[in-house]
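Reading through the C-alpha cells given below for one structure.
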Amino acid sequence: MPPTPAARTPRAALAELLAGNRRFVSGQPVHGHDVTAAAAVASGDQQPYAVLLGCIDSRVPLEAIFDQTFGSICVIRTGAHVLDRAVCGSIEYVVGQLGVRLVMVLGHERCGAVGSAVEALRSGRLPEGSLRYVVDRIAPAVHEVGADDPDAHPLAIRRHVRRTVDTLRADDLLAGPVGAGEVAVVGALYDLATGEVALLPEE
Ligand SMILES: [Zn+2]
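Just so we're aligned: the sequence shown equals residues 80 to 282 in the numbering used here.
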C-alpha cells in the first residue's frame with residue numbers, strides 16, 4: 080500500500096503501521112508477494128511515512144511484520160535498538176529531510192542483547208570490544224529494574240524501549256517537532272509468539 084497523504088500526521092502514520100501488523104498477524108499481507116526486483120523498481124522515489132528502530136534479531140524483520148513494501152518505511156536495526164550518534168543522525172535525517180512524522184522504537188520479547196546485559200551485570204563479567212558499548216547502553220535499564228529481579232529480562236526489555244524513546248524525544252533536532260506535536264516517537268513491543276505489535280503505555 081503506497082503511503083497516503085493521511086499518513087503525514089503522526090497519528091495516521093501509526094494507524095497505517097499497526098494496520099500493516101494486523102495484516103501480517105492475520106496471514107493476509109498485501110505486500111507478501113512484492114519481494115521482487117520489479118516491485119522495488121516500481122516504487123520509484125521513496126516517500127516513507129515512518130522510521131523504525133528495531134533489534135538485529137533475525138526473527139524480527141521489520142518490513143515483513145508490518146507488511147510494508149519498498150519505499151514506505153525507513154528501518155534502522157542495532158542490537159537491542161541501541162542508539163549511537165549515527166543512529167540518531169539517521170533519524171534526524173529521515174524526520175528533517177524526508178518529512179517523516181513517526182518514529183517507532185520496537186523492542187521484542189526474549190531479546191538476546193538485553194539478556195546478555197542482564198547476565199553480564201549479574202555476573203560482573205562484562206564483554207570486551209564494541210559489544211561492551213552495546214551492553215553499557217542497555218545497562219541503565221537493567222539497573223532500573225534490578226539485575227537480580229527474577230523478571231529482570233522482560234522488565235528491562237520494556238524499560239530499555241522506554242529509555243530509548245525518551246532519549247529520542249529529547250534529541251537536539253527532534254525535541255522541537257516532538258514538543259509541537261508534529262512528530263511522534265512511540266515505543267512498542269513485538270511478541271515473537273503471536274507476531275503482534277503492542278504499543279507500550281505512556282508513563
Ligand atoms: Zn533483540
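C-beta atoms are modelled at their ideal positions from N, C-alpha and C, and glycine is treated no differently.
Cβ-Cβ distance between residue i and residue j below 7 Å
{"i": "Leu253", "j": "Gly266", "result": "no"}
{"i": "Ala249", "j": "Arg238", "result": "no"}
{"i": "Phe145", "j": "Gly274", "result": "no"}
{"i": "Leu131", "j": "Leu185", "result": "yes"}
{"i": "Leu181", "j": "Pro89", "result": "yes"}
{"i": "Val174", "j": "Ala196", "result": "no"}
{"i": "Val240", "j": "Asn100", "result": "no"}
{"i": "His222", "j": "Gly194", "result": "no"}
{"i": "Val161", "j": "Arg216", "result": "yes"}
Cβ separation of residue i and residue j, assumed to be a contact under 8 Å, to the nearest whole Å
{"i": "Cys134", "j": "Arg156", "result": "6 Å"}
{"i": "Asp270", "j": "Glu188", "result": "6 Å"}
{"i": "Cys190", "j": "Asp113", "result": "Their Cβ separation, rounded to whole angstroms, is 28 Å, which puts Cys190 and Asp113 out of contact at 8 Å."}
{"i": "Val244", "j": "Val264", "result": "5 Å"}
Residue i at chain D interface by Cβ criterion, 7 Å
{"i": "Leu181", "result": "The structure shown contains no chain D, having only a single protein chain."}
Length of the line joining the Cα atoms of residue i and residue j
{"i": "Ala159", "j": "Ser169", "result": "17 Å"}
{"i": "Met80", "j": "Gln147", "result": "In this prediction, Met80 has a pLDDT of 43, which is less than 50 and means its spatial position is unreliable; what the coordinates show is noted afterwards. Spanning the two alpha carbons is a distance of roughly 7 Å."}
{"i": "Leu210", "j": "Leu268", "result": "23 Å"}
{"i": "Ala235", "j": "Ala91", "result": "29 Å"}
{"i": "Glu142", "j": "Glu207", "result": "32 Å"}
{"i": "Gly260", "j": "Tyr172", "result": "18 Å"}
{"i": "Glu282", "j": "Gly111", "result": "35 Å"}
{"i": "Asp326", "j": "Ala192", "result": "Since the first residue shown for the chain is 80 and the last is 282, residue 326 is missing from the structure and cannot be characterised."}
{"i": "Val120", "j": "Pro140", "result": "21 Å"}
Is it true that the stretch 146 to 165 meets the stretch 121 to 130, where meeting means three or more beta-carbon pairs spaced less than 8 Å apart? yes
If you measure from each CB to the nearest heavy atom of ligand 1 and keep those under 6 Å, what residues do you get, in chain order? Cys134, Asp136, Ala159, His187, Cys190, Gly191 and Ala192
Do the stretch 217 to 229 and the stretch 198 to 208 touch if we need at least three Cβ pairs shorter than 8 Å? yes
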